[in-house]
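Counting along the sequence shown from 1, when you hit position 790 you're at 956 in the working numbering, and nothing is skipped either side.
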Amino acid sequence: MPEKRALSDATPDMEESGVDVDQHTENINRKMKKSKHSKPMRLCGVIASVEVTNFMSHGHFKIELGPKINYITGHNGSGKSAVLTALTVCLGARANTTNRSSSLKGFIKHGKKRADVLVAFHNCNDPNTGLDAYEHETHGDLITIHRTISLTGPGSLKIKNEIGKTVGTKREDLMKILDHYCYQIGNPLSILNQETARTFLGRTDAKELYGLYAKGVKYEQLGHDYDLMLENMTQSVQDLKKSKDGVKAAKEEVRKSKEVYDKCEQYRDIVNNIHRMKSKIAWASVEDGKTQISHAEKDIEDLKIKRDNVIIAGEEAHTAFDKTEEVVRKLKHEQQEKIKLCDLYNEGYNKKKEELQKLRSKCEYLSVDQRKMKENIRTLKEHDDDYSQKIEQCERLLLESNDSLNKKYQLEIDQLTLKKKEINAKTVEIERQEIQEKEKIDKTTEMIVTLNKSIEKLRNQKEEIESEISNLKSIKKDDFMSRFLSNTGKILEIIKAEKKFHKTPYGPLGSYITLKNEKWRLLLDTLYSRQFSSFAVETEEDKVLLNSIFTKHNYRADVIKRSKDNFDYQSGLPDSRFTTILDVLSFSDDYVKRLFIDFNRIESLILVNDRAEGDREMYKNPKNVKSAYACSSDSRSYYKIGGEIAGSSTSSSKRMAYSGVSKMKSLSNDGHIEQNLLKKAEIKYQEVKTLFNEKLNCRGPLELVINKSKELLENNASEYRAYKNKIRLLNQKIEDLNIRLTDNLDTNIIARIDSYKEERETTRTGLKRMCSDLASLDEEIGSCNQELGFYEGEIQILKEKLEAASITASDSQQELRRLEEEITFRNLHIVHHEQRVKKIIDEIIEKQNSIQEMQKQVTDLEVDVRNIYPEVIPLDSGESITILEGNIKGLQDLATRRNELSDISKASSDFNASIERLNEALALRMDKKRIHAELIPLKEAHSQRVEVLERKKESDKLKLSLTFSQILSIRNMAGSITLDTENKLLITNVQPNRAMMENSNGVVLDNRSLSGGEKSFTQISLLLSVWELMQSRFYALDEFDVFMDPVNRKMSIQVLVDAIKKKDCQVILITPQAMSEAKLGNDVKIHKIADPRRQAL
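Take a look at the structure:
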């Protein structure tokens, strides 16, 4: 009931918004038909249509399928799943596999007596792919499978040709057609009905997922076939043993009958003839065996020729690999040049943008000057008017003057002017003093900043030395394990007492390493300190057990899992003039040595004296050298010089992170090393501590000087403001007195009139000049705007060049990745040729051993024949074994008739019969030996097939996990798939955020922490990954998106469409949802099934 409510609640967004779904679907299909960019489809073997009558809920329904992707939509109960059920039943599926009924009769519509299902295939020769049609002369361009289901009697199957004629009625005929077009109707992952889709997409049980996966990729079927093949071969070997006993019994019977035969002299001629003929047959069998040996030797010669051809092909593959590698080197160089060009364009673009910004600022400044100039012009005009008014006022004052009052005003003006000069002198002195104090504060502040940096640096050095001294004091003189994590000795005792380990773990790894040159101790301890404290195991079970011990005892050491592999690393060593990290280390265990080579490439990391030497050497791109390391002069940091691009030497500096405790053994006395380091560290600590205190004491007086200067500036500022206020008041008084004075002096009034007129004239002259300057400024602003447009055009051109260069660099990068993938493929191709040569050589050896066995068998047969027929009698011209056996039968009949006349004749007949039975036993034994000889290549083929199956399983593991990770990356997720074939588990490991995956060093969260949408997208990604391994031409998926939210559903549908478009297959996707939010292309066809008709109760 909860499922049904969920389905009924899954109403499409289009229907909720009132959009006509049928009209929308029709518009999409019309656009697909009108598209001019659709690629040619592969029609041969594609299902053209499905037609049903009285099947489940359908009275009569026909659907025309597209050649690629078909979406079948409609409301619940409209009969979507019935279309898929009808198709699978028509193509031979059993009723119980559909999970809709236990028998075919259950599919007949209620109230009807029979149901009919017709599925039509395209059978035309495909010009696009070259695929041949199935028996085109018989079936034509269209094959129709007609399945009839009867309620009262048995059903029927008819295979009809293009014109409707029945050309087959057997299930075997249908299976041949399906096998020809690679249809896997019984595969649960090829056609996922509602139940299977719910199991696969809705659950995360690892065993159920693995079971469906094994059935989908047919591992179970292949394993069963190989086991049956091995059982038949074993039975043949047992039959050969039984044939040997039969030959012994036949020989004994011949011996007894021969004694009786010697007495039958009267029938000597008949017996001699029979004996002669049987001798010929026996020796002819010997010759046949020798002929088979000759043919086997010829096969060996052919294999040698094949071996030589494969060797030549391998050499050609080596040549192609070298050429591709050379192209990659050149392309890397070109890529570097393109990157430089992009940087150059980017630099020019940024410079132009800066110049444009400056020019815009200039235009803004000019606009401000323009506004100010216009304001000044307006002010000058006002001054002109003001001067004209003052002239008129002065002319009226000429009539009124008082001489005594003017003298009084003049005296007051002189006194106030003198007082103003005194106050001005004081303000100038305060300003000078303020400048000096500010300069003093700036210099002192700069000294304090420099001093603080020195203090901080000394504090860090002091803390580092304190940590170093603490670590050195914690080391026990006679206990090397005390250099590692705490409780290391206790952990080693627990590991030694644990009996469940397949092999005792290695660790700590640093205890197996001895440093040959003390010069590099600081660098190597910094690079590999964490690995020196790590442990290593050879199996996954040991890793799990060791991690559980560490977790239980809160021991935080890494566990590395690496199988034992004595690979050859000598061929990858650099030139002997270089000193590598491998050269300065001595390993007491070969496993630990190869682990460091495998994980850190220490055989290709060289050590140089300084950074300059490293740059010189790496610029030459030396062979088998990955990067170089050099220590700084103060031994507090190191340089890594790595040449990732041929001919370059990029270097980076990193600080040493060495705590003073070395985790490697030394050729000298380790205890003295730590004691000397401790003494040096204590002396260095006292020096740094003394210098730190001195610097700290110097900071106080400097801060006191700054505080005093600031206090003085504040006092001067208040005094300066008071003086300025006094000057302002004095200026006002002086101006008032001047006005009074000038108002009472006629001569002054006349002078003022002349002055006003002169100033008015000056103002008018300035006004004219400013108007002229304003016109020039307007021209300059226009020129600036024109230049601004020019710069914007240049910036646009540079932007386009930068985008073009970036696209070119991106294309080159893609080509570089493609060539690197091609190098990997060619390397695999080389390995494949080497394996083929090895297999051919092994096959030659097996053939030679088989020839030896056959020679031994022929020799034994020849000895047996010679014992019975000492004389070698070759076949006469025109004779054969069949003719001789007929003649023998005639003579035996004659002997039988004579035996009726005499008892002695019966003895002769018995002898002949025993000889015949011996020949039959010998022939049977020869056949069994021949079969046994043929079993050798069969056993080899069986072993190869089992080996290929195992390799395919391993390859499929990698491909499945890679495809799964690639699909997840579309949603910025990351993950992998773990296939445990021993326990039959399929485990998906998913990280919802790729950035989190990279920051967490590959740690994958529990899938139960994923959201519902993330789980649904994960299962869709898993299904597409499995489909990528299958070779079916047809897939179907029923109601996969019922419980998805709109965002997740849209992304899942887009991923499904994009993935299916890349495969050569036809797909049916059934969903009750509308398809409005998906981006559908020309390869997608949508079928909307009408709503079900509801009958009123």
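Don't be surprised by glycine CBs; every beta carbon is placed ideally from N, CA and C.
Does the distance from the C-beta atom of residue i to that of residue j stay below 8 Å?
i, j, result
"E605", "Y957", "no"
"K1219", "I235", "The identity of residue 1219 in the sequence shown is Ile, whereas the question assumes Lys. No, they are not a contact pair."
"N291", "H305", "no"
"N897", "E600", "no"
"G1141", "V1156", "yes"
"N353", "S972", "no"
"V255", "F273", "yes"
"V1031", "K456", "no"
"A450", "I1047", "yes"
"K279", "G225", "no"
"I238", "I1234", "yes"
"I893", "L582", "no"
"Y678", "L964", "no"
"L1203", "Q501", "no"
"I989", "V494", "yes"
"M784", "I807", "yes"
Could you check the C-alpha separation between residue i and residue j for me, to the nearest Å?
i, j, result
"L308", "L284", "12 Å"
"E953", "L943", "15 Å"
"R687", "K850", "19 Å"
"T400", "E467", "30 Å"
"T332", "L1145", "47 Å"
"S737", "R992", "20 Å"
"N653", "L1128", "41 Å"
"K205", "D1230", "In this prediction, K205 scores a pLDDT of 42, lower than 50, which makes its location untrustworthy; the coordinate-derived value is nonetheless stated afterwards. Roughly 13 Å between the two C-alpha positions."
"C210", "Y757", "57 Å"
"I1081", "Q458", "25 Å"
"K730", "E481", "31 Å"
"P1036", "N398", "38 Å"
"K623", "L868", "19 Å"
"S1043", "E338", "48 Å"
"C529", "R935", "22 Å"
"S1309", "M222", "No answer is possible for residue 1309: it lies beyond the span of the chain, which begins at 167 and ends at 1263."
"S815", "V791", "Any reading at S815 needs caution, since the residue's pLDDT is 47, under 50, leaving its predicted position unreliable; the model's value is listed next. Each residue's Cα considered, the two are about 12 Å apart."
"R930", "N542", "12 Å"
Within 10 angstroms of its Cβ, does residue i collect 16 or more other Cβ (buried), or is it exposed?
i, result
"P320", "exposed"
"T616", "exposed"
"A248", "buried"
"D836", "Residue placement at D836 is flagged as unreliable, the pLDDT there being 49, under the threshold of 50; the coordinate-derived value follows with that caveat. Buried."
"N891", "exposed"
"V997", "exposed"
"D371", "exposed"
"T1265", "A query on residue 1265 cannot be resolved here, the shown segment of the chain reaching from 167 to 1263 and no further."
"L584", "exposed"
"Q697", "buried"
"Y511", "buried"
"V1114", "exposed"
"S754", "exposed"
Since I believe residue j is in contact with residue i (beta carbons under 8 Å), could you give me their beta-carbon distance rounded to a whole number of angstroms?
i, j, result
"F701", "L693", "In fact, because the Cβ distance is near 19 Å, the residues do not count as touching under 8 Å."
"N469", "E1106", "Note that residue 469 is Leu in the sequence shown, not Asn. Going by Cβ atoms, the distance from L469 to E1106 rounds to 13 Å, so no, they are not a contact pair."
"L773", "Y795", "6 Å"
"S1182", "N1214", "6 Å"
"A252", "V212", "At roughly 17 Å, the Cβ-Cβ gap does not stay under 8 Å, so A252 and V212 are not in contact."
"T126", "L344", "No information on residue 126 is available, as it lies outside the stretch 167 to 1263 that the chain covers here."
"I325", "L340", "6 Å"
"D282", "T310", "So it is not a contact: roughly 11 Å between Cβ atoms."
"K373", "K1150", "6 Å"
Using 8 Å as the limit for Cβ to Cβ distance, is residue i near chain C?
i, result
"E1012", "Among the protein chains of the structure shown there is no chain C, as only one such chain exists."
Exercise. Enumerated in chain order, which unbroken segments of the beta strand (DSSP E) with a length of 3 residues or greater are wholly contained in the stretch 653-734?
Worked result: 679-681, 701-703, 725-727
For this session: Scan the stretch 1184-1258 and note each continuous beta strand (DSSP E) run of 3 residues or more that stays entirely inside, going in chain order.
Result: 1200-1204, 1232-1237, 1250-1254
Exercise. Considering only residues of the stretch 1009-1054, which uninterrupted alpha helix (DSSP H) runs meet the minimum length of 4 residues and lie entirely inside it, listed in chain order?
Worked result: none
For this session: Enumerate, from N- to C-terminal direction, the unbroken beta strand (DSSP E) stretches of 3 or more residues contained entirely within the stretch 751-793.
Result: 751-753, 771-773
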